[in-house]
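Enquirer: For the sequence shown, counting from 1, position 808 maps to 808 in our numbering; every step adds exactly one.
Even for Gly, the Cβ is constructed at its ideal location relative to N, Cα and C.
Handing you a structure now.
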Amino acid sequence: MKTIYAAVLAGSISACALSTAIAQTAPPENPALKIYRETPPKINDLIHTKLDVRFDYKKRYMYGKEWVTLKPHFYPTDTLRLDAKGMDLKTIAIVKNGKNTPLKFTYDSLTVAIKLDKVYKNTENYTIYIDYTSKPNELKVKGSAAINDAKGLYFVNPDGTEKDKPTQIWTQGETEGSSAWFPTIDKPNQKTTDEISMTVPAKYVTLSNGRLASKKVNADGTRTDTWKMELPHSPYLFMMAVGDFKIYKDTWRGKEVSYYLEPKYAPYAKDIFGFTPEVMEFYSKTLGVDYPWNKYSQIVVRDYVSGAMENTTATLHGDYVQGTKRELADRYYDAGRSTIVHELFHQWFGDYVTAESWSNLTVNESFADFSESIWAEYKYGKDMGDMHSYEAMQSYLSQPSAKTKDLVRFHYNDKEDVFDVVTYQKGGRILYMLRNFLGKDAFYKGLNIYLKANALKNGEAQQLRLAMEEASGKDLNWFFNQWYYGAGHPVLNISYNYDAVNKTQTVYLQQSQDGNAFTLPMAIDIYSGGKKVRHNVWMRNKADTLSFPAATKPDLVNVDGDKILLTKKTDTKSLDEYVFQYFNAPLFLDRNEAIDAAKAKQTEKGAQKILLAAMKDKFYPLRVKAINAANLTNDDVRNAAQPILVNLAQTDDNNLVRAAAITALGKLKASGNMNLFKEALASQSYAIQGAALNAIGLLNPADAIPLAKTYEKDSEGALKQAILGVYATGGTDEQWTYVYNAFISGAPQTQFGLLRKFADFTGRVKNPEYAQQGIKAMADLGIKYKQFGIAPQVIQILNGVKTARATDAAAVAAIDKAITQLN
Ligand SMILES: [Zn+2]
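Okay, structure coming up:
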């Protein structure tokens, strides 16, 4: 599963940022944290699940018939307990020789305890028949920060009353939502084959796990589709989707790869998902285990409650993954694409070998997070993989409360809490580090052993350790104890001294975190006389002093030469050393650190040298970073940068670099650049057009509004943002309706990105009805995302509108009412 609200609330769309709201977990004194979260005991094992379902759109019910086959796990038993959330259970019977014999049961609305007709041994299968109604909208269950709901089964616009929104049904199982739509043992350490027959209005398409075994048209205008999943998987990975989707069929090594999209986005199916077979090939080869299932489908639905979900053979995505060809051309390796590869990797790590409990979620999610970096590395180069992994680490480090949590989490307040920056980003970085320590070949051999040993079963971190030890021949207890069964990270301070008399370079390493020292193997590269000499060392103590012979003072001592450690570090290099590092050390992070150092000292020549060179770095995100970092109010920087920026704005092969250069030039408000901006406005890239429109707006605000109007029709992405920005900043009542419609129908990213300007506009419009619309739209947004901690920000913004509209009594009243609801 991939969470997304986080990124939205943080105001960024970077791939893995989780929101600060997600970091809010119970305080340490919470008694729930004292409970040891054991792996669920297995009394009965699921074997096969057969469902026959139809939907009542009006009531938001699902009528189900289930035949579930089980057997005792080891000990004989005459009882069966199934999870079944908020259902009407009409009949529960044992099936023998085609006959149903009713069984006694007790039901507390969450689980049903069934008295079997006899004591069964673990060599005996038995089949239970259940006739039930699922009522997900009447269910009282709470979701989590990652998954904002837990109904299991969702009806989108079931009455068709919401304009411009399709009618859809879809499901979300993880963590334990599947038992809201079929009775099961809803635990990750259960696995079952399945067969699902869905009877739906004939105009709709269905999707479920496995293969579509049959389609039967019924006389009453419905159709019954039967899907069969012939390899066992966990109940939380079951899925169904029903709606008006166009199917694009692709293929990988003869297996069906398909993309289900709303008709509007169907023409872009290949642009959105077309790289999927290439990723399947890459992961299959890397792992030495071919994609294990018979097909792979991806579907995009409305109103999804999280980012995306790796249902076996049938991943479900939220609609942010969609885009037109032109929108996608500006996205490069964005949250959508990293999510596509994340969910695909889960088909091995999660679906084929499944975490045995939520405590061990790391063997699902850390791998999926890690997979984003290795795909980036393979597809876009080592810099992109390193950057992705580094940004994941920064997400983890940015959340202070995360350092108290073990990666394998035997103690948590709620199982949903395990879906956090520790399990995802920190865990992904730990794997990236382990791969570097063992070497790629040994590491992937270890993954191969783990997957083969636990195929179609469950795994935990200990099995991963054993597999890595088997592959590499190295003991890894220390690594797993430190990183999997321990919390936190080293806070590393690095300083240097060169002793010219004794011709010795000394490096002082100090760990200042609370608690024990972390054991850190690392490389130290010493650059001297045009040569690099690598020393592989282990830091084992809170403070270590390392000395190296050096005939002359080195040009650079580069601690952690592979730039791989999971650490919060303070390095005390001089600017000259950073200049040397930028031009001579090879890695993304070497150059990234140098740019950071330069940004802080732009009056110095060395810093200017780094920034100007970095504007032409071979890796486009560093070009963007250098452009954004340059302080153009400094005359030297501006004079040297301007021709470079003009050149980048016109010729760079990356749309985001061109857009960043235009944005930087726009802030100079130099009329000599007007032609450049106007030319850029004709680009096919929304990012470039948006930057150009903003630049024109800064240079000549009166021109910008009529100009924006000419682009209204064909505007998405950054161009749409720019138009909205121009209107919201300088527009009048004439532009209100356009801005308002864009705001209320926008994706969460658009809404949060526009919120402040929208509030200013709401405060300024003359027509009091418009003000009412604006206030309601902002209040609705705050209420919708209240559980993510957004309310205080919305209240603050509404108070600003209240001040601006102090004489508009109706507006003041509406704001007071909204604030009451938000509190
Ligand atoms: Zn995931």
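1. What is the rounded straight-line gap between the Cα of Ile-22 and the Cα of Met-539?
2. Would you mind working out which of Gln-347, Gly-221 and Tyr-320 sits nearest Thr-276, comparing C-alpha positions?
3. Could you tell me if Asp-220 is buried or exposed, where buried requires 16 or more neighbouring beta carbons within 10 angstroms of its beta carbon?
4. In angstroms with no decimal places, state the Cα-to-Cα distance between Ala-10 and Leu-397.
5. Output the distance between the C-alpha atoms of Asp-635 and Ala-607, rounded to the nearest integer angstrom.
6. Taking just the CA atoms, how far does Tyr-378 sit from Leu-622?
7. Hey, would you say Tyr-61 sits closer than 8 angstroms to Ser-109, going by beta carbons?
8. Going by the C-beta, is Ala-368 closer than 7 angstroms to any heavy atom of ligand 1?
9. Rounding to the nearest angstrom, what Cα-Cα distance links Ala-26 and Asn-413 in this structure?
10. Closest to Pro-102 by C-alpha separation, out of Thr-226, Leu-80, Ile-790 and Ile-128, would be which residue?
11. Can you check DSSP and say which residues form a bridge with Gln-510?
12. Would you call the region 426-434 and the region 366-384 in contact, with 3 or more CB pairs under 8 angstroms?
13. Cα separation between Ala-692 and Ser-683?
14. Looking at the structure shown, is Glu-327 part of a helix, part of a strand, or coil, going by DSSP?
15. Ignoring anything shorter than 4 residues, give me the alpha helix (DSSP H) runs that lie fully in the region 335-408, in order along the chain.
16. If you draw a straight line from the alpha carbon of Thr-807 to that of Lys-817, how long is it in whole angstroms?
17. Would you call the region 262-277 in contact with the region 320-340, where contact means no fewer than 3 C-beta pairs closer than 8 angstroms?
18. By DSSP, does Met-433 sit in helix, in strand, or in coil?
19. Are the region 176-191 and the region 227-237 touching by the rule of at least three beta carbon pairs closer than 8 angstroms?
20. According to DSSP, which residues form a beta bridge with Phe-825?
21. Shortest alpha-carbon distance to Tyr-485 belongs to which of Thr-79, Leu-566 and Lys-405?
22. Within its chain, find whatever has a CB closer than 8 angstroms to the CB of Leu-565; leave out the 5 residues flanking it on each side and keep chain order.
23. How big is the Cα-Cα spacing for Val-739 and Phe-443?
24. Have a look at the DSSP bridge pairing and note the partners of Tyr-527.
25. At what residues does the alpha helix (DSSP H) containing Trp-478 begin and finish?
26. Kindly examine ligand 1 and report whether one of its heavy atoms sits closer than 7 angstroms to the Cβ of Glu-310.
27. Should Gly-152 be labelled buried (16 or more other beta-carbon atoms within 10 Å of its own) or exposed?
28. Apart from the five residues on each side of it in sequence, which residues of its chain come closer than 6 angstroms, Cβ to Cβ, to Ala-804?
29. Determine the extent of the alpha helix (DSSP H) in which Asp-760 is found, giving its start and end residues.
30. Looking at His-342 and ligand 1, is the gap between the Cβ and the nearest heavy atom below 7 angstroms?
31. Lys-858 to Val-112, Cα distance in whole Å?
32. Taking the straight line between their C-alpha atoms, what separation do you get for Trp-736 and Val-765?
33. Where Ala-641 and Lys-625 are concerned, what is the direct C-alpha to C-alpha distance, given to the nearest angstrom?
34. Does the beta carbon of Glu-365 fall short of 7 angstroms from some heavy atom of ligand 1?
35. Beta carbon of Lys-2: closer than 7 angstroms to some heavy atom of ligand 1?
Expert: Let me lay it out:
1. As a working mapping, residue 22 is identified with position 22 in the sequence shown. As a working mapping, residue 539 is identified with position 539 in the sequence shown. Reliability fails at Ile-22, whose pLDDT of 40 lies under 50, so the model's placement of it is uncertain and the value that follows must be treated cautiously. Their backbone Cα atoms lie some 33 angstroms apart in a straight line.
2. Sequence index remark: in the sequence shown, residue 276 carries index 276 (1-based). With distances taken between Cα atoms, Thr-276 lies closest to Gln-347.
3. Here residue 220 refers to the residue found at position 220 when the sequence shown is read from its first residue. So Asp-220 ends up on the exposed side.
4. Stepping through the sequence shown from its first residue, residue 10 is reached at position 10. Stepping through the sequence shown from its first residue, residue 397 is reached at position 397. Reliability of the predicted coordinates at Ala-10 is poor, the pLDDT of 38 falling under 50, and no value is obtained from them.
5. As a working mapping, residue 635 is identified with position 635 in the sequence shown. As a working mapping, residue 607 is identified with position 607 in the sequence shown. One C-alpha to the other measures close to 14 angstroms.
6. If you number the sequence shown from 1, residue 622 lands on position 622. If you number the sequence shown from 1, residue 378 lands on position 378. C-alpha separation (whole angstroms): 19 angstroms.
7. Working through the sequence shown from its first residue, we reach residue 61 at position 61. Working through the sequence shown from its first residue, we reach residue 109 at position 109. For Tyr-61 and Ser-109, no; Cβs fall outside 8 angstroms.
8. Locating residue 368 in the sequence shown gives position 368, counting from the first residue. True, at least one ligand heavy atom lies under 7 angstroms from that Cβ.
9. Position 26 of the sequence shown, counting from 1, holds the residue named residue 26. Position 413 of the sequence shown, counting from 1, holds the residue named residue 413. Because Ala-26 sits at a pLDDT of 47, beneath the cut-off of 50, its placement in the model cannot be relied upon, and the point is left open.
10. As a position in the sequence shown, residue 102 is number 102, starting the count at 1. Answer by Cα proximity: Ile-128.
11. Sequence index remark: in the sequence shown, residue 510 carries index 510 (1-based). Looking at the DSSP assignment, Gln-510 forms a beta bridge with Asn-493 and Ala-543.
12. yes
13. Position 692 of the sequence shown holds residue 692. Position 683 of the sequence shown holds residue 683. Computed Cα separation, rounded: 10 angstroms.
14. Position 327 of the sequence shown, counting from 1, holds the residue named residue 327. Three-state DSSP puts Glu-327 in a helix.
15. 335-346, 362-380 and 382-397
16. Locating residue 807 in the sequence shown gives position 807, where the first residue counts as 1. Locating residue 817 in the sequence shown gives position 817, where the first residue counts as 1. Rounded to the nearest angstrom, the two C-alpha atoms are 17 angstroms apart.
17. yes
18. Taking the sequence shown and counting its residues from 1, one reaches residue 433 at position 433. Looking at Met-433 - three-state DSSP - the assignment turns out to be helix.
19. yes
20. Past the boundaries of the shown model lies residue 825; the chain is included only from 1 to 823, so the question cannot be answered.
21. Position 485 of the sequence shown holds residue 485. Of the listed residues, the one whose Cα sits closest to Tyr-485 is Lys-405.
22. In the sequence shown, the residue the question calls residue 565 occupies position 565. These residues qualify, in order along the chain: Met-433, Pro-490, Leu-492, Leu-520 and Met-522.
23. The residue you call residue 739 lines up with position 739 of the sequence shown. The residue you call residue 443 lines up with position 443 of the sequence shown. Approximately 52 angstroms, taken between the alpha carbons.
24. Locating residue 527 in the sequence shown gives position 527, where the first residue counts as 1. DSSP lists Lys-532 and Leu-556 as partners of Tyr-527.
25. As a position in the sequence shown, residue 478 is number 478, starting the count at 1. Where Trp-478 is concerned, the enclosing alpha helix (DSSP H) stretches over 477-483.
26. As a first step, residue 310 is located in the sequence shown; it is residue number 310 there, counting from the start. Yes, since a heavy atom of ligand 1 falls inside the 7 angstroms radius drawn around the Cβ of Glu-310.
27. By 1-based counting over the sequence shown, the position of residue 152 is 152. Classification for Gly-152: buried.
28. The sequence position of residue 804 within the sequence shown is 804, counting from 1. Only Gly-763 meet the Cβ criterion.
29. Walking along the sequence shown from the start, residue 760 turns up at place 760. Start and end: 748-764.
30. Along the sequence shown, read from residue 1 onward, the residue named residue 342 stands at position 342. His-342: yes, Cβ under 7 angstroms from ligand 1.
31. Outside the shown range of the chain, which is 1 to 823, sits residue 858, and nothing can be said about it.
32. Position 736 of the sequence shown, counted from the first residue, corresponds to residue 736. Position 765 of the sequence shown, counted from the first residue, corresponds to residue 765. Approximately 8 angstroms between the Cα atoms of the pair.
33. Counting from one through the sequence shown, the residue named residue 641 turns up at place 641. Counting from one through the sequence shown, the residue named residue 625 turns up at place 625. C-alpha separation (whole angstroms): 14 angstroms.
34. By one-based count along the sequence shown, residue 365 stands at place 365. Glu-365: yes, Cβ under 7 angstroms from ligand 1.
35. Residue 2 sits at position 2 when you count from the first residue of the sequence shown. Flag set: Cβ of Lys-2 near ligand 1.
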